[in-house]
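Take a look at the structure set out below.
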Amino acid sequence: HELQPAIDALAKAQGVPNRFEVRRGVSRHVYLLDTVKASHWSTLIVLEHLPELGVKDLIVVLGQVSDIKNVTSRNYRKMIRALVKSGITVVGVGPAAGPARKIAAEGFPAAFGFDTRHEVAAWLKTRAPGVVLLKGGKILPLNTIADADGATHIDLDQLAPEETLPSAHELP
1 HELQPAIDAL
11 AKAQGVPNRF
21 EVRRGVSRHV
31 YLLDTVKASH
41 WSTLIVLEHL
51 PELGVKDLIV
61 VLGQVSDIKN
71 VTSRNYRKMI
81 RALVKSGITV
91 VGVGPAAGPA
101 RKIAAEGFPA
111 AFGFDTRHEV
121 AAWLKTRAPG
131 VVLLKGGKIL
141 PLNTIADADG
151 ATHIDLDQLA
161 PEETLPSAHE
171 LP
């Protein structure tokens, strides 16, 4: 109960541009931007808990992840495979494109690999509105995908009921 004021304040926070920012596009996609620096360890924590949120129609766009260590392709494949096995659609772009295509070739139709951000933006236009997590870094800024959709900042309380993310007390 002591956390509720903090949770309420965070729901109204503007966020840091391109980092933990929420935008809505013309397509009605809701974009969750974490596109400044996606360290490997913080990305793993976020991705590990995404299935618990139960967000319908979630698409994770995974770009350049920093501090990924030695065998980058294998580490990208591990992250992508775990997400698609839990029912989440994953789009790999840039360095994550090849690993995503390999996962798709293994028989996982929820994995997609695109070489450019423009291809991802075009593909998203073909999808029904949903929640799109853009996870990337400075070398390949994924905020341009939301920009291509004319996405503008929204407060969490502006989300429609079907778009609302679970609150902290609803998580398992």
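Everything in the sequence shown is counted per this note's numbering, starting at 1 for the first residue and increasing by one. We put the beta carbon where it would ideally sit given N, CA and C, even for glycine.
DSSP state of residue i mapped onto helix, strand, coil
i, result
"Gly87", "coil"
"Leu33", "strand"
"Gly94", "helix"
"Pro172", "For Pro172, the pLDDT reaches just 36, beneath the cut-off of 50, and the residue's location in the model is therefore unreliable, although a value from the coordinates is still provided. Coil, per DSSP."
"Ser66", "strand"
"Leu124", "helix"
"Ala82", "helix"
"His26", "Reading off the sequence, residue 26 comes out as Val, not His. Coil at Val26, not helix or strand."
"Ile139", "coil"
"Glu119", "helix"
"Ile59", "strand"
First through last residue of the beta strand (DSSP E) which encompasses residue i
i, result
"Leu134", "131 to 135"
"Ala111", "111 to 114"
Other residues of its chain near residue i: CB distance less than 7 Å, five sequence neighbours each side excluded
i, result
"Ala148", "Ala121"
"Ala146", "Arg23, Gly25, Tyr31, Leu33, Leu134"
"Glu170", "A caution first: Glu170 carries a pLDDT of 42, below 50, which makes its placement in the model too unreliable to give a value."
6 Å CB neighbourhood of residue i in its chain, flanking five on each side removed
i, result
"Pro95", "Gln64"
"His1", "Bear in mind that a pLDDT of 45 at His1, under 50, signals an unreliable position, so the number given afterwards is only what the model happens to contain. The answer is none, since no qualifying residue turns up."
Residues of its chain near residue i, where Cβ-Cβ distance is below 8 Å and the 5 sequence neighbours each way are ignored
i, result
"Glu48", "Ala82"
"Thr174", "Outside the modelled stretch of the chain, which goes from 1 to 172, sits residue 174, for which no answer is possible."
"Pro5", "none"
Presumed contact (8 Å Cβ cut-off) between residue i and residue j, rounded CB distance
i, j, result
"Ala97", "Gly113", "4 Å"
"Ala38", "Ser66", "6 Å"
Continuous alpha helix (DSSP H) stretch holding residue i: start and end
i, result
"Leu44", "40 to 53"
"Asp147", "143 to 148"
>> For the structure I just gave you, are there three or more beta carbon pairs, one from the region 48 to 61 and one from the region 129 to 136, closer than 8 Å?
In response: Contact check between the region 48 to 61 and the region 129 to 136: three or more CB pairs, one atom from each, fall below 8 Å, which counts as touching.
>> Closer than 8 Å is the cut-off here; do at least three beta carbon pairs connect the region 106 to 124 with the region 83 to 98?
In response: When C-beta atoms of the region 106 to 124 are compared with those of the region 83 to 98, three or more pairs fall below 8 Å, so the two segments count as touching.
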